[in-house]
Amino acid sequence: MPDATVERRSAPRYALVLAAEVVEFPSSARLNARTSDISSKGCYVDTLNPMSQGAQIRLRLTHNDEIFEAVGRVVYVSPGLGMGIIFETVTTEQQSRLDHGLTDAHRKF
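This note's numbering puts the last residue of the sequence shown at 111; the count rises by one with no breaks.
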């Protein structure tokens, strides 16, 4: 029987609470929430009303005066709890800032 606790993520996750604005395409449905963890490839957003699995979204994360923006997709939904998002389109500058921020002791991006 396979081990159900095997880690499948391709990048380490960091417990980090950031303000998150999520906008779904093409409906423009918008929600404000927060992250509970983030990696260089995606994040988990805590929300009582997650968007549906497969939804294309625009994500804006803020921490103090720092902003990270990406286009992504909802890959996992926990009804009433939140959703896992993978970053699909990120500018080189945004990815560099995120990667640097995640390795920074202060975890800013």
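We put the CB at the ideal spot given by N, CA and C, even for glycine.
Just to confirm, is the Cβ distance from residue i to residue j under 8 Å?
{"i": "Gln55", "j": "Val76", "result": "yes"}
{"i": "Leu20", "j": "Thr64", "result": "yes"}
{"i": "Ile87", "j": "Ile69", "result": "no"}
{"i": "Ala22", "j": "Thr37", "result": "yes"}
{"i": "Leu83", "j": "Tyr16", "result": "no"}
{"i": "Val47", "j": "Ala72", "result": "no"}
{"i": "Ser29", "j": "Asp101", "result": "no"}
{"i": "Met1", "j": "Glu26", "result": "There is no way to answer for residue 1, as the model of the chain reaches only from 3 to 111."}
Since residue i is in the alpha helix (DSSP H), which residue starts that stretch and which ends it?
{"i": "Arg75", "result": "Element bounds for Arg75: not the alpha helix (DSSP H) but the beta strand (DSSP E), Glu68 to Ser80."}
{"i": "Gly103", "result": "Thr94 to Thr105"}
Residue i by DSSP, collapsed to three states: which one?
{"i": "Gly86", "result": "strand"}
Looking at the secondary structure, which residues open and close the beta strand (DSSP E) in which residue i lies?
{"i": "Leu50", "result": "Unbroken run through Leu50: none, as it is neither H nor E."}
{"i": "Arg60", "result": "Gln58 to His65"}
Fill in: Unbroken stretches of the beta strand (DSSP E), 3 residues or longer, contained in the region 17-41
Those beta strand (DSSP E) runs which fall completely within the region 17-41 and span 3+ residues are 21-26 and 32-40.
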